[in-house]
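Asks: Sequence lines, in order, name chains A and B. So the first sequence is numbered by my numbering: it starts at 1 and just counts up by one. So the second sequence is numbered by my numbering: it starts at 1 and just counts up by one. Virtual Cβ for every residue (Gly too), placed ideally from N, Cα, C.
2 protein chains.
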Amino acid sequence: MKLNSLHYVLLAGIEQEPRSGYDLTQWLARLGQHYWAAEHSSIYPALQSLEAAGLLLSSEESGLRGRPRKLYRLSSQGRERLKCWVNEPSGLPETRDEQLVKVLCFDLLSRDEIVGHLERIRAQHAAKLVYYEGVMERRNESAAAGANVTPERLGPALTLRRGILAARSYVDWCDESLALVRGFPSQPVDAAG
Amino acid sequence: MKLNSLHYVLLAGIEQEPRSGYDLTQWLARLGQHYWAAEHSSIYPALQSLEAAGLLLSSEESGLRGRPRKLYRLSSQGRERLKCWVNEPSGLPETRDEQLVKVLCFDLLSRDEIVGHLERIRAQHAAKLVYYEGVMERRNESAAAGANVTPERLGPALTLRRGILAARSYVDWCDESLALVRGFPSQPVDAAG
DNA sequence: GACAACATGTAACCAGTTACATGATTCT
DNA sequence: AGAATCATGTAACTGGTTACATGTTGTC
Chain A
1 MKLNSLHYVL
11 LAGIEQEPRS
21 GYDLTQWLAR
31 LGQHYWAAEH
41 SSIYPALQSL
51 EAAGLLLSSE
61 ESGLRGRPRK
71 LYRLSSQGRE
81 RLKCWVNEPS
91 GLPETRDEQL
101 VKVLCFDLLS
111 RDEIVGHLER
121 IRAQHAAKLV
131 YYEGVMERRN
141 ESAAAGANVT
151 PERLGPALTL
161 RRGILAARSY
171 VDWCDESLAL
181 VRGFPSQPVD
191 AAG
Chain B
1 MKLNSLHYVL
11 LAGIEQEPRS
21 GYDLTQWLAR
31 LGQHYWAAEH
41 SSIYPALQSL
51 EAAGLLLSSE
61 ESGLRGRPRK
71 LYRLSSQGRE
81 RLKCWVNEPS
91 GLPETRDEQL
101 VKVLCFDLLS
111 RDEIVGHLER
121 IRAQHAAKLV
131 YYEGVMERRN
141 ESAAAGANVT
151 PERLGPALTL
161 RRGILAARSY
171 VDWCDESLAL
181 VRGFPSQPVD
191 AAG
């Protein structure tokens with residue numbers, strides 16, 4: 001069976017710990033937005049095909065609350081496939097940033113409108129930064145608390161760190177741009193011949 | 001007619017200067033990868049529908065070389081639609097970063113394999129950084145050279161600057177991660193119980 | 001004459017979203 | 001009884017890619 005990127009994302013999530021479709025959905029929404037986004041409606045069918053291909057094993061867990069959940073774990077084949085894929089090189093990230101397309105058109109707006117936009121963009125990325133930093137702080141605390149908890153693994157630590165640096169970089173760009181634009185006169189000036 | 005994001009990307013590109021489908025393809029590939037990627041096969045049909053909707057006007061230009069090109073410019077309606085869209089808020093960027101998914105699985109690899117990966121990732125982003133910095137330098141030079149060239153517009157300057165900061169941030173993360181991983185022993189250590 | 005660069009387009013396919021649909025358990 | 005949360009799934013649609021297809025002009 002031919003696997004696409006989403007399949008590998010799910011194998012990667014399950015490799016960290018056995019997870020259900022619901023868990024994977026939450027995990028991606030909370031910690032994966034800066035490298036992979038997916039809705040539950042694409043996740044469930046993908047899990048089914050991974051199980052059919054023998055790369056995942058599932059077990060019904062009658063959860064404490066809500067309806068029983070299907071908990072997936074990797075089969076040895078699944079782990080092999082994942083490991084093999086991880087060792088291949090990949091291309092550059094692909095980003096769809098509608099906000100930046102609008103930035104490209106800032107010359108159509110007034111200075112005040114531009115400032116408004118940049119402030120809103122800054123707030124969004126700053127919120128993400130605060131969130132990620134909170135996650136990292138909590139992880140560091142529980143790691144320091146004792147060796148009884150699973151020791152922090154390298155992969156999740158690096159990707160979280162990447163999320164923090166990415167958000168910080170975006171906030172910095174907003175600040176720099178705001179400083180530039182605020183130095184402009186209030187109304188756009190026509191090119192004085 | 002209902003427009004999607006790609007339509008607005010194209011309107012934005014054409015607003016900067018009249019462009020053909022080929023121009024837009026090149027422009028996005030060279031300067032737009034960090035906020036919007038698109039193949040020519042999605043661009044040409046989108047241009048056709050924009051023209052049919054009266055948002056673009058086209059003229060046949062018998063180019064100096066190659067077959068004649070269809071040069072598009074904005075109609076007043078097109079400009080209106082674009083301006084209106086630009087002033088609406090957008091959501092956060094969406095990124096698909098297969099490399100980071102692999103980073104997530106670094107615990108499956110040996111230290112040397114991890115170092116190899118990080119060095120390759122670093123090289124890719126460093127190359128992009130050098131390229132963008134070159135573009136910016138050339139722009140600054142021609143801006144300084146004389147007022148005969150069109151004065152640099154805010155939008156393109158800010159998006160290019162964003163590309164530089166994004167690439168730099170990724171390179172920094174690679175360096176930080178490499179420093180961390182190089183501090184580890186050569187073979188992964190089992191948890192000493 | 002072959003190849004590279006310029007230039008535009010179509011068709012088949014794939015991956016994803018939005019919206020729809022269902023069901024269990026707990027809390028108020 | 002109703003709402004919130006947990007949990008899983010399907011169907012219709014959208015937006016995109018890969019591969020196919022074509023034609024011109026200039027260069028080796």
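1) Anything in the region 122–141 of chain B with a Cβ closer than 8 Å to a Cβ of chain A? List those residues in chain order, please.
2) Is residue 90 (chain A) close to chain B? Criterion is C-beta to C-beta, closer than 8 Å.
3) Any residues in the region 172–188 of chain B with a beta carbon nearer than 7 Å to a beta carbon of chain A? Which ones, in chain order?
4) In its own chain, which residues sit with a C-beta less than 8 Å from the C-beta of residue 39 (chain A), not counting the 5 before and 5 after it?
5) If you draw a straight line from the C-alpha of residue 212 (chain A) to the C-alpha of residue 142 (chain A), how long is it?
6) Under DSSP, the alpha helix (DSSP H) around residue 214 (chain B) begins and ends at which residues?
7) Okay, do the region 100–108 of chain A and the region 150–170 of chain B touch, 3+ Cβ pairs below 8 Å being the bar?
8) Which residues does DSSP list as the beta-bridge partners of residue 70 (chain B)?
9) In chain order, what residues of the same chain lie with their CB nearer than 6 Å to the CB of residue 20 (chain B), ignoring the 5 residues before and after it?
10) With C-beta atoms as the reference, is residue 115 (chain A) less than 8 Å away from residue 181 (chain A)?
11) Using Cβ-Cβ distances below 7 Å, what residues of the region 13–26 of chain B are close to chain A?
12) Please check if any C-beta of chain A sits within less than 8 Å of the C-beta of residue 76 (chain B).
13) Who pairs with residue 212 (chain B) in a beta bridge, going by DSSP?
14) So, helix, strand or coil for residue 153 (chain A), using DSSP?
15) I need the straight-line Cα distance from residue 17 (chain B) to residue 167 (chain B), nearest angstrom please.
16) Which bits of chain A does residue 83 (chain B) rub up against, with CB to CB less than 7 Å?
17) Which of the three DSSP states, helix, strand or coil, is assigned to residue 79 (chain A)?
18) Roughly how many angstroms separate the alpha carbons of residue 85 (chain B) and residue 10 (chain A), rounded to a whole number?
19) Strictly below 7 Å CB to CB, what residues from chain A border residue 166 (chain B)?
20) If contacts are defined as beta-carbon pairs under 8 Å, then residue 74 (chain A) and residue 137 (chain A) qualify, I think. What distance do you get, rounded to the angstrom?
21) Identify whether residue 19 (chain B) lies in helix, strand or coil by the three-state DSSP scheme.
22) Does the CB of residue 40 (chain B) have a neighbour CB from chain A at under 8 Å?
23) CB-CB under 7 Å to residue 60 (chain A), same chain, minus the five flanking residues each way: which ones, in chain order?
24) Let's test the definition: count the other Cβ atoms within 10 Å of the Cβ of residue 77 (chain B) and tell me whether it reaches 16, buried, or not, exposed.
25) Residue 34 (chain B) CB to nearest chain A CB: under 8 Å?
26) Tell whether a beta-carbon distance below 8 Å holds between residue 93 (chain B) and residue 95 (chain A).
27) Taking 8 Å as the limit between beta carbons, can you name the residues of its chain near residue 125 (chain B), skipping five residues before and five after?
28) DSSP three-state label for residue 109 (chain A), please.
29) Could you give the distance in angstroms between the alpha-carbon of residue 48 (chain B) and the alpha-carbon of residue 36 (chain B)?
30) Among B:50, B:62, B:113 and B:32, which has the Cα closest to the Cα of residue 178 (chain B)?
31) In whole angstroms, give me the CA-to-CA distance for residue 97 (chain B) and residue 121 (chain A).
32) Whose Cβ in chain B lies nearer than 7 Å to the Cβ of residue 153 (chain A)?
33) Please confirm if residue 102 (chain B) has its CB atom under 8 Å from at least one CB of chain A.
34) What did DSSP end up calling residue 37 (chain B) once you bin it into helix, strand or coil?
35) Rounded to the nearest angstrom, what separates residue 33 (chain B) and residue 88 (chain B) at their Cα positions?
Replies: Taking the definition as stated:
1) 124, 125 and 128
2) yes
3) 172, 173 and 177
4) 25
5) This structure leaves residue 212 (chain A) out entirely; chain A is present only between 1 and 193.
6) Coverage of chain B is limited to positions 1 through 193, which leaves residue 214 (chain B) absent and any answer about it impossible.
7) yes
8) B:60
9) 69, 70 and 71
10) yes
11) 15
12) no
13) With chain B covering only 1 through 193, there is no way to say anything about residue 212 (chain B).
14) coil
15) 27 Å
16) 108
17) helix
18) 35 Å
19) 169
20) No, residue 74 (chain A) and residue 137 (chain A) are not in contact; Cβ-Cβ is about 30 Å, not under 8 Å.
21) strand
22) no
23) 68 and 70
24) exposed
25) yes
26) yes
27) 167, 170, 171 and 174
28) coil
29) 20 Å
30) B:113
31) 21 Å
32) 107
33) yes
34) coil
35) 23 Å
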